Amino acid sequence: MTTRHRHTINRIGAALNNIAQLGEPVLAEVATYVRDFGPELQQLVERMQTAMEDANGVGIAAPQIFESQRVMIIASRPSERYPDAPHMEPLVLVNPEMLTHGSTKQLGWEGCLSVPGIRGRVCRFCDVGIAYQDLNGNSHSIQLSGFVARIAQHELDHLDGKTFVDKVESRRDLIAGTVWEQQCR
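Here the sequence shown stands for residues 595 to 779, numbered as in the working numbering.
Put into C-alpha cells, the structure is as follows:
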C-alpha cells in the first residue's frame with residue numbers, strides 16, 4: 595500500500611465519522627418531502643456536498659447526514675474505485691422521483707458511505723428518467739444511463755429507507771471491500 599493510498603484511506607475514514615452508518619434509524623425511514631426552499635436547504639446541501647467530497651463519494655442522500663429529507667446529490671468522475679466512471683458535475687435533486695425506466699437491468703457491484711467495507715451486487719435499471727426540483731423549487735427532469743443511473747437509483751433507495759444491502763438477491767452477493775478489490779475490480 596502506497597503512502598498516498600494510506601493517506602486517502604485515513605481521510606475517508608475520518609469523513610465517515612459524520613455519515614450515518616448501517617443500523618442508524620434515520621437510514622430506515624422514508625424521508626420527508628422538502629416544502630421550504632429557503633436558506634436551510636442550501637445549508638443542508640452544502641453539508642451534504644462536503645461530506646460526499648470528503649469521503650470521496652459519487653453520491654449522497656440527506657439521510658446519510660442524519661437529515662430525513664428528500665434531497666440527494668449525484669456526481670460521477672473517474673477515481674481509483676471507479677476508473678471507468680464518466681465525468682458529471684454534482685447535481686442536486688430535491689424531491690426526486692423516478693418516472694420512467696428502460697426494460698434492461700444489469701447486475702453491478704455497489705458500495706456505500708453508510709456501509710463501509712462491504713460491497714454488494716445489485717440489479718438496477720440501465721436507463722432512468724427522474725423528475726426533481728432544484729434549490730429554488732423549479733421542476734426539472736433528466737434522463738440518466740449507465741453508471742450515473744445506478745448512482746441515482748442507489749440514492750433514491752436511501753430516500754425510501756433502504757440501502758443496497760436490502761437490494762441484494764442473496765447474501766452471496768455481499769463481499770468484503772478488500773476481497774472485492776482483489777477479485778472483482
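Every residue gets a Cβ at the ideal spot worked out from N, C-alpha and C, and that includes glycine.
Keep in mind it's a predicted model, so treat the numbers as computed, not measured.
Mapping DSSP to helix, strand and coil, what is residue i?
i           : result
residue 628 : coil
residue 695 : strand
residue 648 : helix
residue 660 : coil
residue 777 : helix
residue 734 : strand
residue 740 : helix
residue 688 : strand
residue 622 : helix
Whose C-alpha, out of the options, is nearest the C-alpha of residue i?
i           : options               : result
residue 672 : 664, 666, 681 and 665 : 681
residue 618 : 652, 765, 641 and 657 : 657
residue 706 : 737, 689, 764 and 650 : 650
Using a Cβ-Cβ cutoff of less than 8 Å, which residues in the same chain neighbour residue i once the five nearest sequence positions on both sides are dropped?
i           : result
residue 733 : 725, 726 and 727
residue 762 : 714, 715, 716 and 768
residue 684 : 643, 646, 667, 668 and 669
Would residue i be called buried (16 or more neighbouring beta carbons within 10 Å of its own) or exposed?
i           : result
residue 600 : Summary for residue 600: the model assigns pLDDT 46, below 50, so the residue's position carries little reliability, and this model does not support an answer.
residue 750 : buried
residue 689 : buried
Quick one: measure Cβ to Cβ for residue i and residue j, integer angstroms, because I've assumed they're closer than 8 Å.
i           : j           : result
residue 665 : residue 642 : 7 Å
residue 615 : residue 735 : With a Cβ gap of about 33 Å, residue 615 and residue 735 do not count as contacting.
residue 721 : residue 743 : 6 Å
Between residue i and the rest of its own chain, which residues show a CB-CB distance below 7 Å, the 5 nearest in sequence each way excluded?
i           : result
residue 604 : Reliability fails at residue 604, whose pLDDT of 47 lies under 50, so the model's placement of it is uncertain and the value that follows must be treated cautiously. Within the same chain, residue 604 has no close Cβ partners at all.
Kindly list the residues whose CB is nearer than 6 Å to the CB of residue i, restricted to its own chain and excluding five residues on each side of it in sequence; keep chain order.
i           : result
residue 694 : 723
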